[in-house]
Amino acid sequence: MSTNETNTNQNQNVDVKHRVLTIIGIVLCVILVPILIVNCTLIVKSFINKDEAPDFAGVVPLIVLTDSMYPDIKKGDLIFTKKVDTSDIQVGDVISFYAAEDDYTTIWTHQVVEVLQDGETVKFRTKGINNPTPDGKLREADKIVGKWDDFRIGGAGNLAMAMQKPGGLIVCVVVPILLFVGYD
Numbered sequence: 000m001s002t003n004e005t006n007t008n009q010n011q012n013v014d015v016k017h018r019v020l021t022i023i024g025i026v027l028c029v030i031l032v033p034i035l036i037v038n039c040t041l042i043v044k045s046f047i048n049k050d051e052a053p054d055f056a057g058v059v060p061l062i063v064l065t066d067s068m069y070p071d072i073k074k075g076d077l078i079f080t081k082k083v084d085t086s087d088i089q090v091g092d093v094i095s096f097y098a099a100e101d102d103y104t105t106i107w108t109h110q111v112v113e114v115l116q117d118g119e120t121v122k123f124r125t126k127g128i129n130n131p132t133p134d135g136k137l138r139e140a141d142k143i144v145g146k147w148d149d150f151r152i153g154g155a156g157n158l159a160m161a162m163q164k165p166g167g168l169i170v171c172v173v174v175p176i177l178l179f180v181g182y183d
């Protein structure tokens with residue numbers, strides 16, 4: 000085999016590798032750029048209004064920390080609650096709400112077992128489907144974050160929580176940056 004043929008084969012191999020890596024890079028950008036936009040929007044909204052769960056286009060992502068709604072929703076799931084008019088909430092719906100009067104950081108997601116109307120005031124009795132009894136407090140309409148529409152990503156909440164720790168930041172932020180710089 001001549002030197003020219005060897006060089007041609009090597010150039011073709013380099014071209015194929017370059018095309019494959021370019022396609023992988025484009026696919027990653029198409030996936031990661033929207034995720035980055037959504038996350039930045041949620042972060043900005045959480046700083047602007049500390050008394051409201053941040054949403055993107057009316058959808059609030061929440062990480063589930065307990066098994067109170069097992070087996071429908073499991074600990075570690077990432078669920079998406081959609082903001083709705085509270086007059087549309089009915090018995091059997093699964094809603095997310097602020098757990099305490101003055102605490103706008105803790106959000107629970109439970110099933111509505113009773114809707115109570117006292118004049119113009121609407122309140123909801125809720126219960127975790129895995130809990131033996133209903134929640135002790137009635138939930139007022141102004142404490143409702145939204146309604147869950149059966150969409151969850153199993154285990155993604157655990158991943159999000161891990162990314163907030165130093166090891167997760169290194170693996171998910173520093174390592175990709177180093178790989179990108181090394182590739183470039």
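The numbers in numbering that gives the first Met the number 0 rise by one with no breaks, and the one at position 88 of the sequence shown is 87.
Cβ coordinates follow ideal geometry from the N, Cα and C atoms, glycine included.
Here's the rule I'm using: 16 or more other beta-carbon atoms within 10 Å means buried, otherwise exposed. How should residue i be labelled?
| i | result |
| --- | --- |
| methionine 68 | buried |
| isoleucine 72 | buried |
| glutamine 110 | buried |
| aspartate 76 | buried |
| serine 86 | exposed |
| arginine 18 | exposed |
| leucine 177 | exposed |
| threonine 120 | exposed |
| isoleucine 47 | exposed |
Beta-carbon within less than 8 Å of residue i's beta-carbon, same chain only, minus the 5 sequence neighbours each way: which residues are those?
| i | result |
| --- | --- |
| threonine 21 | none |
| threonine 65 | Lys74 and Gly127 |
| valine 173 | none |
Could you please give me the residues that DSSP links to residue i through a beta bridge?
| i | result |
| --- | --- |
| glutamine 110 | Val93 and Lys126 |
| leucine 61 | Ile78 |
| leucine 178 | Looking at the DSSP assignment, leucine 178 forms no beta bridge with any residue, so it has no partner. |
| aspartate 117 | Thr120 |
Check each candidate in the options and name the one with the smallest Cα separation from residue i.
| i | options | result |
| --- | --- | --- |
| tyrosine 97 | Gly57, Val19 and Ala52 | Ala52 |
| isoleucine 36 | Gly24, Val26, Ala56 and Ile23 | Ala56 |
| asparagine 129 | Gly166, Pro70 and Gly181 | Pro70 |
| threonine 80 | Leu31, Val59, Ala99 and Val63 | Val59 |
| lysine 82 | Pro175, Asp54, Asp149 and Leu61 | Asp54 |
Output needed for residue i: all residues of its chain with C-beta closer than 6 Å, excluding positions within five of it in sequence on either side, in chain order.
| i | result |
| --- | --- |
| glutamate 139 | Lys122 |
| cysteine 171 | Met162 |
| glutamine 89 | none |
| proline 133 | Val112, Arg124 and Lys126 |
Please return the same chain residues whose Cβ sits closer than 7 Å to the Cβ of residue i, not counting the five positions on each side in sequence.
| i | result |
| --- | --- |
| glycine 153 | Lys73 and Asp76 |
| valine 26 | none |
Do three or more CB pairs link the stretch 157-165 to the stretch 109-118 at distances below 8 Å? Note that the stretch 157-165 does not touch the stretch 109-118; fewer than 3 beta-carbon pairs, one per stretch, sit closer than 8 Å.
Counting Cβ pairs closer than 8 Å, one from the stretch 137-153 and one from the stretch 86-95, do we hit at least three? yes
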